[in-house]
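**Student:** I am attaching a structure below and will ask some questions about it afterwards.
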Amino acid sequence: MSGPNQRVLDFKARCRIPAIAAPMFLCSGPDLVVESCKAGIAGTFPALNQRTSEGFEDWLKEIQDRLGDDDAPYGVNLIVHPSNPRVQADLELCVKHKVPLIITSLGAVPDLVNAVHSYGGIVFHDVIKRRHAEKAVEAGVDGIIAVAAGAGGHAGTFSPFALVSEIREFYDGAIALSGCMTHGGHVLAAEAMGADFGYIGSHFIAAQESMAVQGQKDMMMECSAQDITYTDKVTGVGANFLTPSLEAASIEHAPGEMSLNEEAKAWKTIWSAGHGVGATKESLPAKAICEQLIAEYDAAKANICG
Ligand SMILES: Cc1cc2nc3c(=O)[nH]c(=O)nc-3n(C[C@H](O)[C@H](O)[C@H](O)COP(=O)(O)O)c2cc1C
Numbered sequence: 003m004s005g006p007n008q009r010v011l012d013f014k015a016r017c018r019i020p021a022i023a024a025p026m027f028l029c030s031g032p033d034l035v036v037e038s039c040k041a042g043i044a045g046t047f048p049a050l051n052q053r054t055s056e057g058f059e060d061w062l063k064e065i066q067d068r069l070g071d072d073d074a075p076y077g078v079n080l081i082v083h084p085s086n087p088r089v090q091a092d093l094e095l096c097v098k099h100k101v102p103l104i105i106t107s108l109g110a111v112p113d114l115v116n117a118v119h120s121y122g123g124i125v126f127h128d129v130i131k132r133r134h135a136e137k138a139v140e141a142g143v144d145g146i147i148a149v150a151a152g153a154g155g156h157a158g159t160f161s162p163f164a165l166v167s168e169i170r171e172f173y174d175g176a177i178a179l180s181g182c183m184t185h186g187g188h189v190l191a192a193e194a195m196g197a198d199f200g201y202i203g204s205h206f207i208a209a210q211e212s213m214a215v216q217g218q219k220d221m222m223m224e225c226s227a228q229d230i231t232y233t234d235k236v237t238g239v240g241a242n243f244l245t246p247s248l249e250a251a252s253i254e255h256a257p258g259e260m261s262l263n264e265e266a267k268a269w270k271t272i273w274s275a276g277h278g279v280g281a282t283k284e285s286l287p288a289k290a291i292c293e294q295l296i297a298e299y300d301a302a303k304a305n306i307c308g
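In the working numbering, the protein residues as written are 3 to 308.
Structure below.
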C-alpha cells in the first residue's frame with residue numbers, strides 16, 4: 003500500500019478540511035453530528051449514546067434523513083469489548099444503513115472490518131501505542147487514530163510526534179491524530195507531521211448541540227490545561243478529567259478490570275476533557291466552531307505555503 007486507500011481518499015474529499023469531530027460519550031448525538039457534517043467536518047458519535055440498539059437505529063435514520071450528498075460523511079464509534087453486549091447488533095445496523103466510517107475502540111476485529119468493507123465503508127481504530135496499531139493493521143483497518151498525550155477520554159501518554167513517527171515506521175495508510183486540537187492550524191500541523199486527519203473531541207463539548215450537561219459546559223469554559231488530571235482511578239483505564247469534577251465526586255472505583263457499566267455511571271458526574279480545554283471560551287453553535295476551524299486551517303496553509 004502507498005498512502006491512504008481509495009475509500010479513505012473518497013471520504014476525505016467530502017470534507018472541507020481533513021478533520022473529524024470525534025465521538026464523545028454523553029456528548030455527541032444527531033444534532034452535533036449533522037451540524038458538523040453540514041459545515042464540512044465529519045461528525046461522529048458513539049453507538050452507546052443511545053440506550054438501546056433500537057434507539058441507535060432511530061438516530062442513524064434521523065442523521066441520514068437530515069444529511070445531503072454535499073455534506074461531509076458521518077461516523078459511528080463501536081466499543082469492541084466483552085462488557086459491550088450490543089456490539090454485534092449495532093454493527094449489523096451499521097451495515098444495514100451503510101455508515102460511512104466506523105471507529106472501533108479497544109478491539110480491532112477482522113470480521114468487523116470485512117463487514118464494513120462489504121458495503122464500501124471504512125474502519126478507523128483508535129490506539130495509544132504502537133503495539134495496538136500493529137494489531138489493528140493486521141486486522142485490515144483503513145486507518146489508525148493515534149491518541150496522544152493530553153487527549154480527552156481514554157488518552158495516551160506519548161507525544162504526538164513520537165506516536166505518529168512510530169506508527170509511520172510500519173504503516174503508510176491513513177492516520178488521524180487525536181489530542182488537544184482546537185485550532186485549524188493544529189490540523190495542518192498534524193498533516194505536516196505525517197498524519198492525514200485531525201481528530202477533535204473536547205473542542206466540541208461546549209457546542210450548543212452537544213448533549214453534555216450545562217455544568218460540564220460551564221466547567222469547560224472556566225478551566226485550562228492545568229485543571230486536567232490524568233488518572234486510572236475512575237474506571238481502571240487512564241483518562242483525562244476536569245479536576246474540579248473529580249474533586250466534587252468521591253471516587254469509589256479502584257483501578258481494575260474495565261467495565262462499560264462502571265464507565266457509564268462514572269462519566270455522568272466526573273467529566274472528561276483534554277489539555278486543549280483552555281480554548282473553550284463560550285458555547286457556540288457547532289457550525290460556528292467548524293467554520294472557525296476551516297478558516298484557521300486555510301489561513302495557516304496560506305501563511306506557510308504562500
Ligand atoms: C467527554 C469525552 C467522551 C469521550 N467518549 C469517547 C467514546 O465514547 N468513544 C471514543 O472512541 N472516544 C471517546 N472520547 C475520545 C475522543 O473520541 C477523542 O479521541 C478525544 O476527545 C480527542 O482529544 P481532545 O479531546 O483533546 O480533542 C471521548 C472524549 C471526551 C472528551
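The beta carbon of each residue, even a glycine, is placed where N, CA and C say it ideally should be.
Just checking my contact of residue 134 with residue 239 at CB under 8 Å: how many whole Å lie between their CB atoms?
**Tutor:** Working through the sequence shown from its first residue, we reach residue 134 at position 132. Working through the sequence shown from its first residue, we reach residue 239 at position 237. With a Cβ gap of about 13 Å, residue 134 and residue 239 do not count as contacting.
**Student:** Which term fits residue 8, buried or exposed, when burial requires 16 or more other beta carbons within 10 angstroms of its beta carbon?
**Tutor:** Translated into positions along the sequence shown, residue 8 becomes position 6. The residue is exposed, with fewer than 16 neighbouring Cβ atoms inside 10 Å.
**Student:** For a quick check, are the C-beta atoms of residue 29 and residue 213 less than 8 Å apart?
**Tutor:** Working through the sequence shown from its first residue, we reach residue 29 at position 27. Working through the sequence shown from its first residue, we reach residue 213 at position 211. Cβ distance < 8 Å, so residue 29 and residue 213 count as in contact.
**Student:** Name the DSSP beta bridge partners of residue 79, please?
**Tutor:** For the purposes of this step, residue 79 is taken as the residue at position 77 of the sequence shown. DSSP, once it has assigned bridges, lists 48 and 105 as partnering residue 79.
**Student:** Among 60, 51, 75 and 15, which one has its Cα closest to the Cα of residue 38?
**Tutor:** To locate residue 38, count along the sequence shown from 1; it is residue 36. Looking at the Cα atoms, 75 is the closest of the given residues.
**Student:** First and last residue of the alpha helix (DSSP H) that includes residue 116?
**Tutor:** Here residue 116 is taken as the residue at index 114 of the sequence shown, counted from 1. For residue 116, the enclosing alpha helix (DSSP H) begins and ends at 112 to 119.
**Student:** Taking only three categories from DSSP, how would you classify residue 244?
**Tutor:** If you number the sequence shown from 1, residue 244 lands on position 242. Reduced to three states, the DSSP call for residue 244 is strand.
**Student:** Excluding the five sequence neighbours on either side, which residues of its own chain have a C-beta within less than 8 Å of the C-beta of residue 210, listed in chain order?
**Tutor:** Walking along the sequence shown from the start, residue 210 turns up at place 208. So the qualifying residues of the chain are 285, 286, 287 and 288.
**Student:** Give the secondary structure of residue 180 by DSSP, where H, G and I count as helix, E and B as strand, and everything else as coil.
**Tutor:** On the sequence shown, residue 180 is found 178 positions in, with the first residue counted as 1. Three-state result, residue 180: strand.
**Student:** Sorted by chain position, which residues of the same chain lie with C-beta nearer than 7 Å to residue 269's C-beta, five sequence neighbours on each side aside?
**Tutor:** To locate residue 269, count along the sequence shown from 1; it is residue 267. Excluding sequence neighbours, residue 269 sits near 27 and 28.
**Student:** What residue range does the alpha helix (DSSP H) around residue 234 cover?
**Tutor:** Translated into positions along the sequence shown, residue 234 becomes position 232. Segment: none, residue 234 is in no alpha helix (DSSP H) and carries neither H nor E.
**Student:** What does a CB cutoff of less than 6 Å around residue 63 pick up in its chain, not counting 5 residues either side in sequence?
**Tutor:** Sequence index remark: in the sequence shown, residue 63 carries index 61 (1-based). None.
**Student:** Hey, how far is the Cα of residue 276 from the Cα of residue 101?
**Tutor:** Here residue 276 is taken as the residue at index 274 of the sequence shown, counted from 1. Here residue 101 is taken as the residue at index 99 of the sequence shown, counted from 1. Approximately 27 Å between the Cα atoms of the pair.
**Student:** Output the residue ranges of the alpha helix (DSSP H) runs that lie fully inside the region 122 to 165 and measure 4 residues or longer, sorted by chain position.
**Tutor:** 132 to 140
**Student:** Thinking C-beta only, is residue 97 closer than 8 Å to residue 121?
**Tutor:** For this step, residue 121 is matched to residue 119 along the sequence shown. For this step, residue 97 is matched to residue 95 along the sequence shown. Result yes, Cβ atoms of residue 121 and residue 97 sit closer than 8 Å.
**Student:** Buried or exposed for residue 216, please, with buried defined as at least 16 other CB atoms from any protein chain shown within 10 angstroms of its CB.
**Tutor:** For the purposes of this step, residue 216 is taken as the residue at position 214 of the sequence shown. Exposed, because fewer than 16 other Cβ atoms sit within 10 Å of the Cβ of residue 216.
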